[in-house]
Amino acid sequence: MTDRLLGRDSNRLLAIDVVRGFVMVLMTLDHASSSFNAGRLMSDSAAAAHAGGALDPMQFAIRWVTHLCAPTFVMLAGASLALSATRRLRDGVPGSAVDRDILIRGALLIAIDVVWMSWVWKLGTPVQLGVLYAIGASMIGMIALRRLPALVVGGLGVAIMVGGEALTGQLDPGQVLTAATLSGGRFGPLIFFYPFLPWTGFMMVGWALGVRLAGPGMRARDWGILAAIAAVTFVVVRGLDSYGNAHLQRGGSSWIDWLHVSKYPPSLAYAALELAIAFALLAATWRWAKPWRPLVVLGQTALFFYVLHVHLLKIAALALGLYKSAGIGVTVIAWLAMVAALYPLSRWYLAVKRRHPTSALRFL
């Protein structure tokens with residue numbers, strides 16, 4: 103979508119779609135692993151990790167590389183939202199109309215998560231509120247937050263990442279409001295897998311960067327500086343092995359010990375590490391004279407791709423009799439096959455959206 107938001111620096115803005123498309127490809131690996139891989143690891147929280155237990159390096163690597171997806175996707179959603187809102191306001195669209203569309207899109211994402219996505223993750227479980235819930239709730243929050251200066255929004259986003267662990271420690275984890283907003287957890291038929299407030303921090307940082315993109319712009323060097331700051335933050339927080347790790351401590355000095363960070367909920371160490379990688383990718387792609395078209399397409403049809411691929415992977419695994427019973431090789435084949443199968447459909451969907459720019463498809 104970003105190639106049509108602003109006329110200036112369109113190739114550089116396409117870098118946002120390239121990085122989003124790249125993380126969609128990585129995300130498909132994780133979800134193929136969820137459907138096919140008998141040895142899949144899910145130890146990226148203090149509650150799920152087993153102290154002193156050895157982690158299989160290959161299984162850990164397959165899970166770890168996909169850690170990049172959610173924070174990058176949410177951060178870029180914030181940047182794209184800021185670019186879109188800025189363009190529309192510059193074109194004279196009333197602020198109330200911008201707010202209405204943000205509200206519709208946010209509510210639609212939550213509805214899709216509840217009705218379509220929640221039951222497919224672990225067949226037969228209650229309603230599981232995941233990343234679409236977090237993005238939708240964060241978008242709705244941006245209706246009010248967009249009135250603040252971008253620097254304030256970005257600063258508050260960083261403050262959420264830094265202070266979230268301390269705030270969670272002061273609240274009762276047995277309360278549904280705490281689970282929905284900060285800590286996650288299960289209450290009756292609801293599982294809050296992605297409590298929205300920590301993820302709102304990523305969106306707020308993305309919003310601030312999107313406003314900067316819509317104004318003076320960003321250079322590859324700027325992304326590189328942000329990557330370096332985030333990387334240093336990760337090394338310090340993980341090295342001290344205390345606050346900022348959401349109780350998933352390093353404990354040792356191996357590469358797995360260093361990279362085994364908490365995603366549920368997202369710790370400061372996790373946020374810093376993944377944003378460092380995301381900013382480094384943006385620094386690299388910002389220099390591309392001609393972005394790679396397949397990644398642009400996937401980045402511009404991310405929601406369409408997302409709502410199809412998980413279900414199709416589950417169906418394929420069940421139909422082949424390989425549900426959660428295959429090895430890494432089969433998992434990789436399923437991953438690549440799914441990306442290849444959905445790419446033509448994504449191209450078709452993008453063409454349809456462009457032919458009908460004012461239809462309800464603009465919210466998808």
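Count the sequence shown with my numbering and you get residues 103 to 466, in order.
Just so it is clear, CB atoms sit at the ideal spot from N, CA and C, and this is done for glycine as well.
Can the beta-carbon of residue i be found less than 9 Å from the beta-carbon of residue j?
i	j	result
residue 131	residue 167	yes
residue 368	residue 300	yes
residue 340	residue 382	no
residue 283	residue 298	yes
residue 379	residue 418	no
residue 218	residue 136	no
residue 241	residue 189	no
residue 398	residue 116	yes
residue 376	residue 183	no
residue 400	residue 441	yes
residue 119	residue 393	yes
residue 145	residue 157	yes
residue 181	residue 252	no
residue 361	residue 162	yes
residue 302	residue 265	no
residue 436	residue 415	yes
residue 358	residue 159	yes
residue 249	residue 178	no
residue 374	residue 304	no
residue 307	residue 353	no
Could you round the C-beta distance between residue i and residue j to whole angstroms and report it? I think they count as a contact, below 8 Å.
i	j	result
residue 296	residue 231	7 Å
residue 234	residue 262	Incorrect: roughly 19 Å between the Cβ atoms, too far for contact.
residue 364	residue 350	4 Å
residue 402	residue 452	6 Å
residue 214	residue 430	Not a contact, Cβ separation roughly 31 Å.
Near residue i, what residues of its chain come up, given a Cβ to Cβ distance below 7 Å and the 5 sequence neighbours on each side ignored?
i	result
residue 444	407, 410 and 411
residue 433	134, 135, 138 and 139
residue 405	466
residue 325	381, 384, 385 and 388
residue 285	270, 275, 297 and 367
residue 346	267, 339, 369, 370 and 371
residue 228	291, 292 and 293
residue 245	201, 204 and 205
residue 191	197 and 200
residue 141	158 and 161
residue 125	170, 171, 174 and 175
residue 278	289
residue 332	374, 377, 378 and 381
Go through its chain and collect everything with a Cβ distance to residue i's Cβ below 6 Å, but skip five positions before and after it.
i	result
residue 321	none
residue 267	348
residue 318	none
residue 220	229 and 230
residue 239	298
residue 462	none
residue 316	185 and 188
residue 413	222
residue 153	Confidence in residue 153 is poor, its pLDDT being 49 and thus under 50, which makes the residue's placement too unreliable to answer from.
residue 449	399
residue 247	255
residue 243	302
What does DSSP give as the partner residues of residue i in its beta bridges?
i	result
residue 334	Answer is none; residue 334 lacks a bridge partner.
residue 186	Residue 186 pairs with nothing; no bridge assigned.
residue 319	None, per the DSSP bridge assignment.
residue 344	346
residue 230	293
residue 428	139
Any heavy atom of the ligand NAP inside 8 Å of the beta-carbon of residue i?
i	result
residue 236	Although the ligand NAP was asked about, the structure shown includes no ligands whatsoever.
9 Å is my cut-off, CB to CB: does residue i come that close to chain C?
i	result
residue 465	The structure shown has no chain C; it contains just one protein chain.
Quick one: residues in its chain with C-beta nearer than 8 Å to the C-beta of residue i, no 5 flanking neighbours on either side, listed in chain order?
i	result
residue 128	167, 168, 170 and 171
residue 396	123 and 445
residue 216	229, 231 and 235
Jot down the residue ranges of each uninterrupted alpha helix (DSSP H) in the stretch 238-304, minimum 4 residues, whole runs only, in chain order. 252-271
Minimum length 4: unbroken alpha helix (DSSP H) runs contained in the stretch 194-220: 197-214
Uninterrupted beta strand (DSSP E) stretches inside the stretch 380-441 (no shorter than 3 residues): none
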